[in-house]
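Numbering (our numbering), first residue to last: 1362 to 1541.
Remarks on the structure that follows.
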C-alpha cells in the first residue's frame, strides 16, 4: 500500500471545517487589537471639582429622588468650556426655549462613540452642525436653566442613549469631590 499524500487530505479536512490551508499564512490584514482610545481634554481648565456626582440623589430644585445623568462641576459664570473630544454639534438648547427651561443654554456634541452634553452655559460659541476638535471652545459656564447656582453640568451618553459616568472616561485624579 502506498502512502497517501498529506496535502490533499489536509485540504479536505480544511474544507470540512470551512478553512483553507492558506489561512495559516501570514497576512497583511489589520490587527484585531483595538486602537487606543483618544486622549480626552478636560472640559474646564484647572481643578475639576464635582459638586454633584453621577448617580441617584435628592434633586436640589425639585426635592425628588432621581438619577443625575451627569456631573456638576464647580465653575463661576464665564469660564471657558471646551470639547473633550472631536465631533459634530448636533443640538443647541437656548435658555427660555422648550428644552432650555431645564437645560438652559446647552451644547450637544456627537463624537465617534458617544454624545457629550454641556448644560447651563452663559454663552454658546458654536453653531449647529459645526465640526469641533478636542479642546475647541464650545461656550462659557453659567447658571441658565433650572439650577441652584453657576456650574457646568457635564453629561455623556452612549450613541444608544445610555447615560455614562464621565469620571470613568478620564484618568484617575481628574475630578475631585468638594469636601463638606
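Even glycine gets a Cβ: it sits at the ideal position worked out from N, Cα and C.
Please read all numbers here as calculations on a predicted model, not as lab measurements.
List the whole-angstrom C-beta distance separating residue i from residue j, where the pair is believed to meet the contact cut-off of C-beta under 8 angstroms.
i: residue 1482; j: residue 1465; result: 7 angstroms
Pick helix, strand or coil for residue i, following the three-state DSSP scheme.
i: residue 1528; result: helix
i: residue 1535; result: coil
i: residue 1497; result: coil
i: residue 1482; result: strand
i: residue 1425; result: coil
i: residue 1447; result: coil
Tell me where the beta strand (DSSP E) around residue i begins and ends.
i: residue 1462; result: That residue, residue 1462, is in no beta strand (DSSP E); its alpha helix (DSSP H) goes 1461-1464.
i: residue 1418; result: 1416-1419
i: residue 1491; result: That residue, residue 1491, is in no beta strand (DSSP E); it is neither H nor E in DSSP.
i: residue 1441; result: 1441-1443
i: residue 1413; result: 1409-1413
i: residue 1455; result: Looking at the DSSP string, residue 1455 is not in any beta strand (DSSP E), and its letter there is neither H nor E.
Is it true that the CB of residue j sits closer than 7 angstroms to the CB of residue i?
i: residue 1516; j: residue 1430; result: yes
For residue i, decide whether its Cβ has a neighbour in chain B, counting only Cβ atoms nearer than 7 angstroms.
i: residue 1475; result: The chain labelled as chain B is not found in the depicted structure, where only one protein chain is given.
Taking only the alpha-carbon atoms, compute the straight-line gap between residue i and residue j and give it to the nearest angstrom.
i: residue 1520; j: residue 1402; result: 20 angstroms
i: residue 1391; j: residue 1412; result: Residue placement at residue 1391 cannot be trusted, given a pLDDT of 46 that sits under 50; the coordinates are not used to answer.
i: residue 1435; j: residue 1441; result: 13 angstroms
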